[in-house]
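Participant: In the working numbering, the protein residues as written are 278 to 600.
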Amino acid sequence: MTARVLITGAAGFIGGHVSRAFVGRGWEVTGLDNFDPFYDRSIKEEGIADLQGAVGFRLVEGDIRDASLVRSALEGVELVLHLAARAGVRPSIEDPEGYVSVNVLGTATLLEACRETGITRMVFGSSSSVYGDDTPVPFREDAVAADPISPYAATKRAGELHCRVYCHLHGFRIAALRFFTVYGARQRPDLAIHKFTRAMCRGETIRQFGDGSSERDYTYVDDIVQGVVAAADWAMRDGAAFDIFNLGESKTVTLRYLIRLIGEMLQREPIVEIDPPAPGDVRRTCADIGKARRVLGYDPSVTIEDGIRKFVDWYQATHECSS
Ligand SMILES: NC(=O)c1ccc[n+]([C@@H]2O[C@H](COP(=O)([O-])OP(=O)(O)OC[C@H]3O[C@@H](n4cnc5c(N)ncnc54)[C@H](O)[C@@H]3O)[C@@H](O)[C@H]2O)c1
Numbered sequence: 278m279t280a281r282v283l284i285t286g287a288a289g290f291i292g293g294h295v296s297r298a299f300v301g302r303g304w305e306v307t308g309l310d311n312f313d314p315f316y317d318r319s320i321k322e323e324g325i326a327d328l329q330g331a332v333g334f335r336l337v338e339g340d341i342r343d344a345s346l347v348r349s350a351l352e353g354v355e356l357v358l359h360l361a362a363r364a365g366v367r368p369s370i371e372d373p374e375g376y377v378s379v380n381v382l383g384t385a386t387l388l389e390a391c392r393e394t395g396i397t398r399m400v401f402g403s404s405s406s407v408y409g410d411d412t413p414v415p416f417r418e419d420a421v422a423a424d425p426i427s428p429y430a431a432t433k434r435a436g437e438l439h440c441r442v443y444c445h446l447h448g449f450r451i452a453a454l455r456f457f458t459v460y461g462a463r464q465r466p467d468l469a470i471h472k473f474t475r476a477m478c479r480g481e482t483i484r485q486f487g488d489g490s491s492e493r494d495y496t497y498v499d500d501i502v503q504g505v506v507a508a509a510d511w512a513m514r515d516g517a518a519f520d521i522f523n524l525g526e527s528k529t530v531t532l533r534y535l536i537r538l539i540g541e542m543l544q545r546e547p548i549v550e551i552d553p554p555a556p557g558d559v560r561r562t563c564a565d566i567g568k569a570r571r572v573l574g575y576d577p578s579v580t581i582e583d584g585i586r587k588f589v590d591w592y593q594a595t596h597e598c599s600s
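#1: Output yes or no for whether 7 Å exceeds the beta carbon distance between Ile-341 and Gly-383.
#2: Output needed for Pro-577: all residues of its chain with C-beta closer than 8 Å, excluding positions within five of it in sequence on either side, in chain order.
#3: Can you find a heavy atom of ligand 1 that lies under 6 Å from the Cβ of Ala-364?
#4: Taking Cβ positions, are Val-282 and Trp-304 nearer each other than 7 Å?
#5: Assign Gly-353 to one of two classes, buried (16 or more other C-beta atoms within 10 Å of its C-beta) or exposed (fewer than that).
#6: Within the segment 481 to 544, note down every full alpha helix (DSSP H) run reaching 4 residues or more, in order along the chain.
#7: Between which two residues does the alpha helix (DSSP H) carrying His-359 extend?
#8: Please determine whether the Cβ atom of Ile-291 lies at a distance below 6 Å from any heavy atom of ligand 1.
#9: What residues match up with Ala-385 in a beta bridge as DSSP calls it?
#10: What ranges does the beta strand (DSSP E) occupy inside the segment 334 to 378, keeping only unbroken runs of at least 3 residues that lie completely in it?
#11: Should Asp-317 go down as buried or exposed, given a rule of 16 or more other Cβ atoms within 10 Å for buried?
#12: Can you list, in chain order, the residues of its chain whose CB lies under 6 Å from that of Val-549, leaving out five sequence neighbours each side?
#13: Check whether the Cβ of Asn-523 lies closer than 6 Å to any heavy atom of ligand 3, and answer yes or no.
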């Protein structure tokens with residue numbers, strides 16, 4: 278099946294990987310991205326350099342909150358993959374209004390533009406952070422998820438709820454995907470794996486928040502792409518529906534082990550400074566992926582050891598890493 282898809286946030290870390298996968302499937306991809314200054318524009322440009330000018334890909338530079346621009350970008354589109362957002366837990370505490378503006382108002386603007394142009398199929402990039410600190414592990418999609426502990430998490434849950442409303446009122450078919458800490462080549466520079474690798478390469482100190490026992494379910498980006506593709510196929514089926522799927526590896530890794538693993542791959546001894554746990558960070562994430570397996574056929578396969586090896590290989594091939 279081929280179709281035309283709008284991918285918001287196409288110049289971002291996950292958006293670039295997803296755009297490449299859909300172009301590879303022969304879909305017509307329109308990317309929409311405003312090159313938000315959260316991190317350097319040149320990183321995003323490099324991340325999609327191979328796509329620029331490729332058959333089947335075009336990039337529109339603009340903001341998802343610009344309703345008329347969004348309506349024109351939606352022309353001829355059958356499906357929207359909505360990945361644009363202000364991402365990151367800790368920075369959302371510094372700028373809650375900015376996060377609400379893009380993640381809630383932006384999502385509402387996009388949904389309304391879709392309604393006006395008759396497009397009812399969407400995949401929404403949500404986050405494991407919506408589970409907060411009180412959901413029993415492994416996290417299941419039917420948990421209430423009503424106790425977020427950061428502005429970012431609250432905006433992602435609000436985005437899901439807006440999607441839910443459009444399915445109920447306007448017959449949309451939307452899959453909300455809760456991504457669990459995604460990593461891989463071109464990972465956002467603010468995220469732990471990237472930051473730790475950069476620090477170790479430069480011989481700098483790593484700031485470890487907490488005693489190292491916090492746990493994350495880290496998901497390799499190729500597995501996320503597989504889940505997004507499966508969710509897109511689900512969204513192309515008949516019938517109004519709203520559903521939520523966890524995309525994780527369903528394995529947890531302690532912060533302490535992660536730092537040691539990166540050190541081993543780089544053959545460096547990490548220099549660690551221990552700071553208090555960061556406000557807004559949850560203690561543990563772990564996805565129950567039974568539903569995504571059953572309904573979407575999601576089948577993640579990259580272990581943390583293999584994934585970190587690939588990440589470190591990419592990092593060393595593209596950055597200075599003094600010996
Ligand atoms: N990376 C993760 O671990 C992770 C985990 C959970 C959820 N997510 C979600 O996945 C999506 C992609 O995350 P990412 O890590 O690739 O982040 P990213 O910052 O690399 O990508 C987001 C992209 O959205 C664009 N953008 C921001 N505001 C915009 C606006 N107003 N209009 C148009 N474009 C805008 C940015 O320029 C950026 O290119 C986000 O929705 C994020 O919340 C990511």
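By construction, the Cβ of each residue, glycine as well, lies at the ideal position given by its N, Cα and C atoms.
Facilitator: From the atom records:
#1: Contact flag set, yes.
#2: Shown here for Pro-577: same chain residues with a beta carbon closer than 8 Å to its own, the five before and five after excluded, namely Thr-496, Tyr-497, Asp-500, Gln-503, Gly-504, Leu-524, Gly-525, Glu-526, Ser-527 and Ile-566 in chain order.
#3: It does: the Cβ of Ala-364 is within 6 Å (strictly closer) of some heavy atom of ligand 1.
#4: Yes, these two residues count as a Cβ contact at 7 Å.
#5: Result: exposed.
#6: Listed in chain order, the complete alpha helix (DSSP H) runs (minimum 4 residues) inside the segment 481 to 544 are 498 to 512 and 532 to 543.
#7: Careful: His-359 lies outside any alpha helix (DSSP H), inside the beta strand (DSSP E) at 356 to 359.
#8: Relative to ligand 1, the beta carbon of Ile-291 is positioned inside 6 Å of a heavy atom.
#9: For Ala-385, which the question treats as bridged, DSSP gives no partner whatsoever.
#10: Listed in chain order, the complete beta strand (DSSP E) runs (minimum 3 residues) inside the segment 334 to 378 are 334 to 338 and 356 to 359.
#11: Looking at its Cβ environment, which holds fewer than 16 other Cβ atoms inside 10 Å, Asp-317 is exposed.
#12: Cβ contact annotation for Val-549 (same chain, cutoff 6 Å, sequence separation greater than five): Ile-483 and Gln-485, in chain order.
#13: As for ligand 3, it is missing from this structure, which binds only ligand 1.
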